[in-house]
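Visitor: Pasting in a structure now, in structure tokens, and then I'll have a few things to ask.
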Amino acid sequence: MTQFRPCIDLHAGKVKQIVGGSLTDAGATTNFVSAQGADYFANLYRQHGLQGGHVIGLGPGNEEQAKLALNSWPKGLQYGGGINLENAKSYLDAGASHVIVTSFLFSGGVFSLEKLNQMVKLVGAEHLVLDLSCRRTDQGWNIATDRWQTVTGTAITPALLEQLASQCSEFLVHAADVEGLQQGIDEALVSLLGKHSPIAATYAGGATGLDDLEKVKTLSNGRVDLTIGSALDIFGGSHVTLAQCIAWNQANGQ
849 MTQFRPCIDL HAGKVKQIVG GSLTDAGATT NFVSAQGADY FANLYRQHGL QGGHVIGLGP
909 GNEEQAKLAL NSWPKGLQYG GGINLENAKS YLDAGASHVI VTSFLFSGGV FSLEKLNQMV
969 KLVGAEHLVL DLSCRRTDQG WNIATDRWQT VTGTAITPAL LEQLASQCSE FLVHAADVEG
1029 LQQGIDEALV SLLGKHSPIA ATYAGGATGL DDLEKVKTLS NGRVDLTIGS ALDIFGGSHV
1089 TLAQCIAWNQ ANGQ
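In the working numbering, the protein residues as written are 849 to 1102.
Right, dumping it as structure tokens:
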């Protein structure tokens, strides 16, 4: 059944909420910067039993904050951001339940099955989340790497979801075109994931509140979870409170 999943987004060593499509090497349009460290939010999620949240490092300078969060709730959070064969195990050792991987799997924008097999061999499919974050294209949605700056030639299709499902435990999909805008979810993408993902999937991007949780539940037949970021009160939002999201989970079978 559809659940709310929490997040901790890190940029330049701070917990932030940004407009995803604005992210470049020079910076990003920022909705919120927290005075609290990542461990504060990890402990908050732990207190309320909000399993399966993701910590994402957007660019360099986030390792210290990421590991503070992971150490605060061992096996309670996933981590993604620059994951490769050299550092993946260090994040699992720091307390991540899973590592989240995208950019490492692409060379020059081309998907590498060899690299995926190497990552699976290193950490195990049960500890791997594939980040299929994407942008809209003429093909539908194509996976975007390098902080969503590079749109690859790999489209999210039923066949791709089927192919990758045996190599990981979950999919995480940020709709980068609507990420942080608080203008509503990409309904067609949620429907695609709900209909064709053989494994657990979490969607993020554009959500404003409980109405979007209801919408994701309906569109995906309860098979896709939803992350809410910028709209949430703990991140400076005014559309929905963390307490309301916790109540939603409790009412929907957490």
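Quick reminder that beta carbons are idealized off the backbone N, C-alpha and C, glycines included. From a predicted model like this one, the values you see are computed outputs, not experimental measurements.
Along the chain, where does the beta strand (DSSP E) that runs through residue 1002 open and close?
Guide: Taking the first residue of the sequence shown as position 1, residue 1002 is located at position 154. Residues 998-1003.
Visitor: Please state the DSSP three-state secondary structure of residue 862.
Guide: In the sequence shown, residue 862 corresponds to position 14, counting from 1. Three-state DSSP puts residue 862 in a strand.
Visitor: Check for me: the alpha helix (DSSP H) holding residue 1140 runs from which residue to which?
Guide: Residue numbering for the chain in the displayed model covers 849 to 1102; residue 1140 lies beyond these limits and cannot be assessed.
Visitor: Tell me the DSSP bridge mates of residue 983?
Guide: Numbered from 1 along the sequence shown, position 135 holds the residue referred to as residue 983. Residue 983 is bridged to 990.
Visitor: What residue ranges within the region 919-947 form continuous alpha helix (DSSP H) runs of no fewer than 4 residues, ordered along the chain?
Guide: The region 919-947 contains these whole alpha helix (DSSP H) runs: 936-941.
Visitor: May I have the straight-line CA-CA distance separating residue 954 from residue 948, to the nearest angstrom?
Guide: In the sequence shown, residue 954 corresponds to position 106, counting from 1. In the sequence shown, residue 948 corresponds to position 100, counting from 1. Roughly 14 angstroms separates the two Cα atoms.
Visitor: Quick one, are the C-beta atoms of residue 1081 and residue 1089 less than 7 angstroms apart?
Guide: Working through the sequence shown from its first residue, we reach residue 1081 at position 233. Working through the sequence shown from its first residue, we reach residue 1089 at position 241. Yes.
Visitor: For residue 1097 and residue 1053, what's the separation of their Cα atoms in angstroms?
Guide: Position 249 of the sequence shown, counted from the first residue, corresponds to residue 1097. Position 205 of the sequence shown, counted from the first residue, corresponds to residue 1053. So the two alpha carbons sit approximately 19 angstroms from each other.
Visitor: Around the C-beta of residue 1084, are 16 or more other C-beta atoms found within 10 angstroms, so that it is buried, or is it exposed?
Guide: On the sequence shown, position 236 is the one that residue 1084 refers to. Counting Cβ neighbours within 10 Å, residue 1084 comes out exposed, since fewer than 16 surround it.
Visitor: Would you say the region 980-998 touches the region 962-971, given that touching needs at least three Cβ pairs under 8 angstroms?
Guide: Taking 8 angstroms as the limit for Cβ pairs, the verdict is that the region 962-971 does not touch the region 980-998.
Visitor: Would DSSP call residue 1047 helix, strand or coil?
Guide: Residue 1047 sits at position 199 when you count from the first residue of the sequence shown. Residue 1047 falls in the coil class under three-state DSSP.
Visitor: Candidates 929, 861, 959 and 885: which alpha carbon is nearest residue 946's?
Guide: What you label residue 946 is simply residue 98 of the sequence shown in a count that begins at 1. It is 929.
Visitor: Would you tell me roughly how many angstroms separate the C-alpha atoms of residue 904 and residue 1042, rounded to the nearest one?
Guide: Here residue 904 is taken as the residue at index 56 of the sequence shown, counted from 1. Here residue 1042 is taken as the residue at index 194 of the sequence shown, counted from 1. C-alpha separation (whole angstroms): 23 angstroms.
Visitor: For residue 905, name the three-state secondary structure that DSSP assigns.
Guide: For the purposes of this step, residue 905 is taken as the residue at position 57 of the sequence shown. Here residue 905 sits in strand by DSSP.
Visitor: By the 10 Å Cβ neighbour count, where 16 or more other Cβ atoms means buried, how is residue 1073 classified, buried or exposed?
Guide: As a first step, residue 1073 is located in the sequence shown; it is residue number 225 there, counting from the start. Residue 1073 is buried by the Cβ-count criterion.
Visitor: So, under 8 angstroms CB-CB, residue 1093 and residue 852 are touching, yes? Tell me the CB distance rounded to an integer number of Å.
Guide: Looking up residue 1093 in the sequence shown gives position 245. Looking up residue 852 in the sequence shown gives position 4. With a Cβ gap of about 4 angstroms, residue 1093 and residue 852 count as contacting.
Visitor: What residues are listed by DSSP as bridge partners for residue 1018?
Guide: Counting from 1 along the sequence shown, the entry for residue 1018 is found at position 170. DSSP output for residue 1018 lists 977 and 1048 as bridge partner(s).
Visitor: Rounding to the nearest angstrom, what Cα-Cα distance links residue 1006 and residue 1012 in this structure?
Guide: Taking the first residue of the sequence shown as position 1, residue 1006 is located at position 158. Taking the first residue of the sequence shown as position 1, residue 1012 is located at position 164. Each residue's Cα considered, the two are about 10 angstroms apart.
Visitor: If you count every other CB in all the chains shown that lies within 10 Å of the CB of residue 922, and 16 or more means buried, which is it?
Guide: Position 74 of the sequence shown, counting from 1, holds the residue named residue 922. Its Cβ having fewer than 16 others within 10 Å, residue 922 is exposed.
Visitor: Please report how far the alpha carbon of residue 938 lies from the alpha carbon of residue 970, in whole angstroms.
Guide: What you label residue 938 is simply residue 90 of the sequence shown in a count that begins at 1. What you label residue 970 is simply residue 122 of the sequence shown in a count that begins at 1. Each residue's alpha carbon lies about 12 angstroms from the other.
Visitor: For residue 879, does the three-state DSSP call read helix, strand or coil?
Guide: For the purposes of this step, residue 879 is identified with residue 31 of the sequence shown, where counting begins at 1. Correct three-state label for residue 879: strand.
Visitor: What are the start and end residues of the beta strand (DSSP E) that includes residue 1066?
Guide: Along the sequence shown, one-based indexing puts residue 1066 at 218. Element bounds for residue 1066: not the beta strand (DSSP E) but the alpha helix (DSSP H), 1058-1067.
Visitor: So, with DSSP's three-state summary, where would you put residue 949?
Guide: Position 101 of the sequence shown, counted from the first residue, corresponds to residue 949. Of the three classes helix, strand and coil, the one that applies to residue 949 here is strand, per DSSP.
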